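Worksheet for the structure shown next.
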Amino acid sequence: MGVTQEAKLAYDRCLSEQLQAAIGKDTDSRALTDLILRTCEDRLSPIRTALAGEKVPDGIIDRYLRQQRSRAAQAVLREVMASQAVRQSAPDAATPAQP
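Under numbering that gives the first Met the number 0, the first residue of the sequence shown carries the number 0, and numbering increases by one thereafter.
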């Protein structure tokens, strides 16, 4: 497996681990997403280094990293909001319906 792919997997793994640890926290979904992304931000630099080692132009590297961070932000926010929605609806499902 290439160095770039390994670095990307490390970033994805970090996001997944942080997301699992954050599920269930009663915090604003955007703030929680930002915290997760900031925690894993340092995992993007090995991707930059690997791409630079493969002689990819800096402009393309920057665009790629912005795209990866944007996609990660969307995915993490989606997961956080979904888990919060499930948690909020769970007590509602436990109460019997009024006749």
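We put the beta carbon where it would ideally sit given N, CA and C, even for glycine.
Please read these numbers as outputs of a predicted model, since none were measured by experiment.
Proximity winner among the options, relative to residue i (alpha-carbon distances)
i, options, result
"E5", "A20, I22, A30 and R47", "R47"
"T3", "D33, Q67, L31 and V75", "Q67"
The alpha helix (DSSP H) enclosing residue i, as first and last residue numbers
i, result
"D25", "Looking at the DSSP string, D25 is not in any alpha helix (DSSP H), and its letter there is neither H nor E."
"P45", "S44 to G52"
DSSP state of residue i mapped onto helix, strand, coil
i, result
"V85", "helix"
"E5", "helix"
"V55", "coil"
Sub-7 Å separation of residue i and residue j beta-carbons
i, j, result
"L50", "I60", "yes"
"L18", "L43", "no"
"S88", "I22", "no"
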